[in-house]
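Here the structure is laid out as structure tokens; the discussion comes afterwards.
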Amino acid sequence: MTADVLTADLVEYVLRVGDDALVAAQRLGEWSARAPEMEEDIALSNIALDQLGVARAMLSYAGELEGAGRGEDDLAFLRDDREFRNCLLAELPNGDFAVTMARLLFLSTYQLSVYEELSRSGDDRLAGVAAKARKESAYHVDHAAQWTVRLGDGTPESHRRMQAAVDDLWPYTHELFASDGLVKRLADAGVGVDPAGLREGWLGAVSSVLDEATLNRPADGWAPGGGRDGLHTEHLSYLLTEMQVLHRGHPGATW
Amino acid sequence: MTNEARRPEWGLWEVFVRPRRGLSHSHVGSLHAPDADIALRNARDVYTRRQEGVSIWVVPASAITASSPDEKDSFFDPAGDKVYRHPTFYEVPEGVQHL
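Chains as they are written, first to last, in my numbering: chain R, 1 to 255; chain E, 256 to 354.
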């Protein structure tokens, strides 16, 4: 495999990781000033900023690797939805608090296992960012698990909402672990992580939380995908419109 | 509308944080939470964002008994003129640790 193919693959891969974090950050930011309690407002904003930090590091790196003069801002604010590489799970609407916590549980548990593997990457830049992100993700998983357990093993109303959230989001978790030629090449080169090998660990971790929360684990069935190839749900373009409108309206502006 | 009136399950907790180079926990503020574990995590999010500390205690506010400002004079003034209570009349031998 030539160095050019490896670099092209790496740009795509870094965008996948970075876009997951960027879209997750944007969704969590929507809770600012709207969370159920002030302390939760701060917690969700902190988590959003953690995600944004990883997104910035990844997008900056992708721009450097690409070598076409695009920086983190260009990549975040000037790409259309067809160019984004995030998983569908990240772009779904926040829904109620139960949906937000279920998504945070599923996504963060996945991100934690990716960062743990990635911290051993042959690429020093990725390994460094992943080593730091791993600690942040561990806290995100804990936060989501605390609430999932309390809401699941809570009142009939909270249990109903939490189960509905788990049921509705479950189909979107399969895409997280879909493999393709690109991740296989990068995994063989010791640089990237093939997520197919992560599902078993993820299932174990998530199942133990669902059990404690007295929630049912949905059966595997419909498995929507396409996010890694730029084929997204209708939700992403609305999210990007809001996220990008300021930058597109005032190109080159700084604070 | 006060927070207590809206959510009685979310009790008040007092937060104590020990800084990295400190030996004791200091009171830094309070917050609301439904139970101890959430209170601890809320304290981490609200009171250690700027690296204020490495250890957190959360205590239900109802568990704290505080001295009353009305009793301040009789509680604390009498200790003001009893110099014999201060350990300043002997020399510490060399090599004695943690005295």
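Ideal Cβ positions, reconstructed from N, Cα and C, are used throughout, including at glycine.
Quick check on this structure: which residue in R/Leu10, R/Ala43, R/Glu37, R/Pro36 has the alpha carbon closest to the alpha carbon of R/Ala25?
For R/Ala25, the closest alpha carbon among the candidates R/Leu10, R/Ala43, R/Glu37, R/Pro36 is that of R/Ala43.
Using a C-beta to C-beta distance shorter than 9 Å, which residues of chain R count as neighbours of E/Ala288?
Identification of chain R residues near E/Ala288 by a Cβ-Cβ cut-off of 9 Å yields Glu37, Glu39, ordered along the chain.
Just the C-alpha distance for E/His341 and E/Thr320, rounded to the nearest angstrom, thanks.
Cα-Cα distance, rounded: 27 Å.
Taking the beta carbon of R/Trp255 as the centre, do at least 16 other beta carbons fall within 10 Å, making it buried, or is it exposed?
With fewer than 16 other Cβ atoms from the protein chains shown falling within 10 Å of its own Cβ, R/Trp255 counts as exposed.
Can you tell me whether DSSP reads E/His341 as helix, strand or coil?
Looking at E/His341 - three-state DSSP - the assignment turns out to be coil, as it is neither helix nor strand.
Same chain, Cβ closer than 8 Å to R/Met96, neighbours up to 5 away in sequence not counted:
Just to set this straight, residue 96 of chain R is Asp in the shown sequence, not Met. Arg161, Ala165, listed in sequence order.
Looking only at its own chain, which residues have a Cβ that is under 6 Å from the Cβ of R/Arg82, when we skip the five neighbours before and after it?
Shown here for R/Arg82: same chain residues with a beta carbon closer than 6 Å to its own, the five before and five after excluded, namely Gly230 in chain order.
Of the residues E/Arg276, E/Ser285, E/Arg299, E/Trp265, the one placed nearest R/Tyr139, counting alpha carbons only
Among E/Arg276, E/Ser285, E/Arg299, E/Trp265, the Cα nearest to that of R/Tyr139 is on E/Arg299.
For E/Ile311, which residues does DSSP report across the bridge?
E/Val272.
Please confirm whether E/Pro263 has its beta-carbon closer than 8 Å to some beta-carbon of chain R.
No, no contact with chain R.
Report the neighbours of R/Asn86 on chain E: residues whose CB is nearer than 8 Å to its CB, in chain order.
Within 8 Å Cβ-Cβ: nothing; R/Asn86 doesn't reach chain E, min ~25 Å.
Residues that R/Ala43 contacts on chain A, provided the C-beta gap is smaller than 8 Å:
Considering every chain present, this structure includes no chain A. Its protein chains are R and E.
Exposed unless 16 or more other CB atoms sit within 10 angstroms - verdict on R/Tyr172
When all chains shown are included, R/Tyr172 counts as buried.
Less than 8 Å between the beta carbons of R/Tyr61 and R/Leu182, yes or no?
Contact annotation: R/Tyr61 and R/Leu182 have beta-carbon atoms that are not nearer than 8 Å.
To the nearest angstrom, how far is it from the Cα of R/Thr148 to the Cα of R/Pro156?
When only Cα atoms are considered, R/Thr148 and R/Pro156 end up about 14 Å apart.
DSSP three-state label for R/Ala68, please.
Per DSSP, reduced to three states, the secondary structure at R/Ala68 is coil, with no helix or strand assignment.
Closer than 7 Å by beta-carbon distance: list the chain E residues that pair up with R/Gln26, in chain order.
Listed along the chain, the chain E residues whose CB falls inside 7 Å of the CB of R/Gln26 amount to none; the nearest CB is some 20 Å away.
Whose C-beta lies closer than 8 Å to the C-beta of R/Asp9 among residues of the same chain, with five residues either side of it excluded?
Cβ neighbours of R/Asp9 beyond the five flanking positions: Leu182, Arg185, Leu186, Gly192.
Once you ignore the five residues that flank R/Ala21 on each side, which residues in its own chain have a CB closer than 6 Å to its CB?
Cβ neighbours of R/Ala21 beyond the five flanking positions: Gln51, Val54, Ala55.
On the three-state DSSP scale, how would you describe E/Val283?
Note: E/Val283 maps to strand in three-state DSSP.
Return no unless some Cβ of chain R is closer than 8 Å to the Cβ of E/Lys337.
E/Lys337 does not count as touching chain R.
Contact between the stretch 283–301 of chain E and the stretch 24–40 of chain R (3+ Cβ pairs under 8 Å)
The stretch 283–301 of chain E vs the stretch 24–40 of chain R: in contact.
Could you spell out the range, first to last residue, of the alpha helix (DSSP H) harbouring R/Asp19?
For R/Asp19, the enclosing alpha helix (DSSP H) covers residues 3–29.
Counting along the chain, where does the alpha helix (DSSP H) carrying E/Asp328 start and finish?
That run of the alpha helix (DSSP H) goes 327–331.
Outcome for R/Arg248 when other beta-carbon atoms lying within 10 angstroms are tallied against a minimum of 16
Exposed, since its Cβ has fewer than 16 Cβ neighbours within 10 Å.
Tell me the DSSP bridge mates of E/Gly266?
DSSP lists E/Ala288 as partners of E/Gly266.
Going by Cα to Cα distance, which pick from R/Asp124, R/Val17, R/Ser158 is closest to R/Tyr110?
That would be R/Val17, whose Cα lies nearest to the Cα of R/Tyr110.
Host alpha helix (DSSP H) of R/Pro156 (start-end):
Here the alpha helix (DSSP H) through R/Pro156 covers 156–173.
Please list, in chain order, the chain R residues whose beta carbon lies closer than 9 Å to that of E/Arg304.
Ile42, Asn46, listed in chain order.
Beta-carbon of R/His140 versus every beta-carbon of chain E: anything under 8 Å?
Not closer than 8 Å to any Cβ of chain E, the Cβ of R/His140 fails to qualify, so no.
Cutoff 8 Å: R/His159 Cβ touching any chain E Cβ:
Not closer than 8 Å to any Cβ of chain E, the Cβ of R/His159 fails to qualify, so no.
Range of the contiguous alpha helix (DSSP H) that encloses R/Glu91
Membership of R/Glu91 in the alpha helix (DSSP H) is indicated by the continuous run 88–91.
Give the single residue among E/Glu326, E/Ser279, E/Phe330, E/Asp332 whose Cα lies nearest to the Cα of E/Val309.
Minimum Cα-Cα distance from E/Val309 among the listed residues E/Glu326, E/Ser279, E/Phe330, E/Asp332 corresponds to E/Ser279.
Could you tell me if R/His250 is buried or exposed, where buried requires 16 or more neighbouring beta carbons within 10 angstroms of its beta carbon?
Burial call: exposed.
Cross-chain neighbours of E/Ile293 in chain R, by beta carbon under 7 Å:
Using a Cβ-Cβ cut-off of 7 Å, E/Ile293 is close to Gln146 of chain R, given in chain order.
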